[in-house]
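Residue numbers (the numbering used here): 928 to 1307.
Cβ coordinates follow ideal geometry from the N, Cα and C atoms, glycine included.
Taking it in order: structure first as structure tokens, then the write-up.
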């Protein structure tokens, strides 16, 4: 990881960073920005993290420069991560032909259609590459708490924030400024899905927040979503955003206004003037929700405690990996299969204790993690 620049702002530091090779982007380099508040009050503190996904034509620089996020983030002890909006330099002949497709317009999906599928995988870049890069970079890993993460975004990035939140358990909550809420029903989304996805718009419904919330019911999952949109927004008027569709689908799925809040404001347009007007409110909303460990993480830490008590130590990098295993086991299928965690710990100078635990996550949502079996041997 290369640090391109460091800028002091609101008492903290904004780092411009470069990944030498992003696997999800076909090995292309990728820039992103990270804001870290001052930790003078507690030098050992880790900050919760808000990922912010920018919109069409933007880079990792637009939101920190124009969005008025960093002051409120500093005041609330919230770190922020700003990814780019697409791969850069993929060498695809048509990627620079239009402003709303290709470069600067990755749409936060994983492309399935050639030639885009090799490089245009921004969903995996955000949820996997960036997470792993931060966790593996000691200066960032020391100050960013990846157990407390949420996501926000503007326009295309609002679409990304909503869909990545709905499609995974990585983010505790999601907010969006003027998001593209129903892309399979608007010109921007139809163009993106037709270009990036082998199955076109029909496949694109898997990446459509309105379609996703239709299939997410309040009895099976809790949601925490905040949306703000301006009524003078040209793209709202042109039916590119369709927040009403998302709100209607949310209510039909049983979510209340407290769980999914969609707010329309007179006079505001689509620009960063609008974003900056509501940035403080969104940052404070996220900070409140990221103050404490989630109930899911508490249960995951219980699992870590079980393994540690039995084996002495656990061969996982940190609790986040156990959390992801539990979430995966809980959401991948209705059967919620048993998964394994392996452990090995030195017992004394000539012996090695190794073991395997099986954990049943079928009762995960209700707080039950069952230790199914333990096997361990003492070698040497």
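Span of the alpha helix (DSSP H), counted from its first residue to its last, around residue i
| i | result |
| --- | --- |
| residue 1123 | 1114 to 1123 |
| residue 1099 | No alpha helix (DSSP H) contains residue 1099, which DSSP labels as neither H nor E. |
| residue 1153 | Note, residue 1153: premise wrong, no alpha helix (DSSP H); beta strand (DSSP E) at 1152 to 1157. |
| residue 1085 | 1083 to 1094 |
| residue 953 | Element bounds for residue 953: n/a, residue is neither H nor E. |
| residue 1164 | 1161 to 1164 |
| residue 1131 | 1127 to 1131 |
Cβ neighbour criterion (16 or more within 10 Å) applied to residue i
| i | result |
| --- | --- |
| residue 944 | buried |
| residue 1166 | exposed |
| residue 1154 | buried |
| residue 1018 | exposed |
| residue 948 | exposed |
| residue 1023 | exposed |
| residue 1129 | exposed |
| residue 938 | exposed |
| residue 1089 | buried |
| residue 1075 | buried |
| residue 1212 | buried |
| residue 1131 | buried |
| residue 1107 | buried |
| residue 1126 | exposed |
| residue 930 | exposed |
| residue 1073 | buried |
| residue 990 | buried |
| residue 1030 | buried |
| residue 1147 | exposed |
| residue 932 | exposed |
| residue 1025 | exposed |
| residue 1199 | buried |
| residue 1176 | buried |
Test item: CB-CB of residue i and residue j under 9 Å
| i | j | result |
| --- | --- | --- |
| residue 1193 | residue 1169 | no |
| residue 1205 | residue 1080 | no |
| residue 974 | residue 940 | no |
| residue 1040 | residue 1124 | yes |
| residue 986 | residue 958 | yes |
| residue 1050 | residue 1082 | no |
| residue 1109 | residue 1173 | yes |
| residue 1034 | residue 1085 | no |
| residue 1144 | residue 1094 | no |
| residue 1001 | residue 1042 | no |
| residue 1005 | residue 1054 | no |
| residue 1056 | residue 946 | yes |
| residue 916 | residue 976 | In the structure displayed, the chain extends from 928 to 1307; residue 916 sits before or after that span and is not available. |
| residue 1208 | residue 1003 | no |
| residue 993 | residue 1187 | no |
| residue 920 | residue 1009 | Residue 920 lies beyond the residue range present for the chain, which begins at 928 and ends at 1307; the question has no answer from this structure. |
| residue 988 | residue 960 | yes |
| residue 897 | residue 1122 | The structure shown has nothing for residue 897, since the chain only spans 928 to 1307. |
First through last residue of the beta strand (DSSP E) which encompasses residue i
| i | result |
| --- | --- |
| residue 1177 | First-last for residue 1177: 1170 to 1179, but that is the alpha helix (DSSP H), not the beta strand (DSSP E). |
| residue 939 | 939 to 946 |
| residue 1139 | Run containing residue 1139: none in the beta strand (DSSP E); it sits in the alpha helix (DSSP H), 1136 to 1141. |
| residue 959 | 957 to 963 |
| residue 1185 | No beta strand (DSSP E) contains residue 1185, which DSSP labels as neither H nor E. |
| residue 932 | 929 to 936 |
Original post:
Should the stretch 1179 to 1195 be called in touch with the stretch 1062 to 1076, which here means at least 3 C-beta pairs below 8 Å?
Top reply: These segments do not touch.
Original post:
What alpha helix (DSSP H) runs, 4 residues minimum, are completely inside the stretch 973 to 1038?
Top reply: 989 to 993, 997 to 1002
Original post:
Does the pairing of the stretch 1007 to 1015 with the stretch 1039 to 1049 give three or more beta-carbon distances under 8 Å?
Top reply: yes
**OP:** Assess, as a yes-or-no matter, whether the stretch 946 to 953 is touched by the stretch 987 to 1006 under the definition of 3 or more beta carbon pairs within less than 8 Å.
**Re:** Contact between the stretch 987 to 1006 and the stretch 946 to 953 is absent: fewer than 3 CB-CB pairs across the two stretches fall below 8 Å.
Original post:
Which ranges does the beta strand (DSSP E) cover as unbroken runs of at least 3 residues, wholly within the stretch 1195 to 1220, from first to last along the chain?
Top reply: none
Original post:
Is the stretch 1114 to 1125 touching the stretch 1139 to 1152 in the sense that three or more CB pairs, one from each, lie closer than 8 Å?
Top reply: no
**OP:** Count the CB pairs spanning the stretch 1143 to 1152 and the stretch 1084 to 1102 that are closer than 8 Å, and state whether there are at least three.
**Re:** yes
Subject >> Sequence ranges, alpha helix (DSSP H) only - wholly within the stretch 1045 to 1069, length at least 4 >> reply: 1057 to 1063, 1065 to 1068, all fully within the stretch 1045 to 1069.
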